[in-house]
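In the working numbering, the protein residues as written are -5 to 180. We put the CB at the ideal spot given by N, CA and C, even for glycine. Predicted model only: the values in this text are computed from it and were never measured.
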């Protein structure tokens, strides 16, 4: 799943050259006609992809209490529609990945503090319309949003250096049906 998320973040040329060369061992002189470039020019998107794949996953802060404080600040900013507060907790290179499933157009990726903060109205609608429950998934702080005990979305936050480096939102009903969302005592 992590590899799919990373591959989705690449441009089509980066993804194609990276997969064909690095995963299938195809030489660049065979890749070049596929991406409509010279063999030398086909190396550039593969190189960019390699750099992004290596650096794509920021290391989460290990302290769950610190993670929870940042997620709580996100929720407060969302509920209050406070743009400045939201911007203050977002990493400049923050990535938002939202998977609404096939009917919603699949995985959408938004990059950068301005673009993610620009989603404040959507965050505010969800934070005020749904009941939000703190959650822990894959070792990171998150939120589960429900209406009338029906799960609408699951959010996980990668907190790095006290800022939100990534937000992953799952609202695909098919995938959520396969999740174990039972509450467990710590």
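Three-way DSSP call (helix, strand, coil) for residue i in this model
i	result
residue 161	strand
residue 181	With the chain covering -5 to 180 only, the question about residue 181 has no answer from this structure.
residue 3	coil
residue 173	coil
residue 25	helix
residue 12	helix
residue 55	coil
residue 68	helix
residue 119	helix
residue 45	helix
residue 168	helix
Strand pairing of residue i, partner residues [DSSP]
i	result
residue 128	137
residue 102	92
residue 154	157
residue 84	158
residue 144	141
residue 149	137, 163
Whole-angstrom C-beta distance between residue j and residue i, which should lie under 8 Å
i	j	result
residue 184	residue 90	Limits of the chain in this structure are -5 at one end and 180 at the other, which puts residue 184 out of reach.
residue 150	residue 132	7 Å
residue 68	residue 43	Contact flag wrong, Cβ pair sits at about 30 Å.
residue 170	residue 145	6 Å
Burial state of residue i (16 or more Cβ within 10 Å)
i	result
residue 54	buried
residue 88	buried
residue 128	exposed
residue 30	exposed
residue 161	buried
residue 136	buried
residue 138	buried
residue 4	buried
residue 78	exposed
residue 18	exposed
residue 28	exposed
residue 7	buried
residue 123	exposed
residue 152	buried
Option nearest residue i by Cα separation, candidates the options
i	options	result
residue 71	155, 9, 114	114
residue 37	22, 30, 27	22
residue 61	171, 20, 94, 156	156
residue 40	73, 1, 120	1
residue 75	57, 102, 112	112
residue 81	152, 158, 47, 168	158
residue 93	9, 165, 173, 10	165
residue 105	14, 121, 85	85
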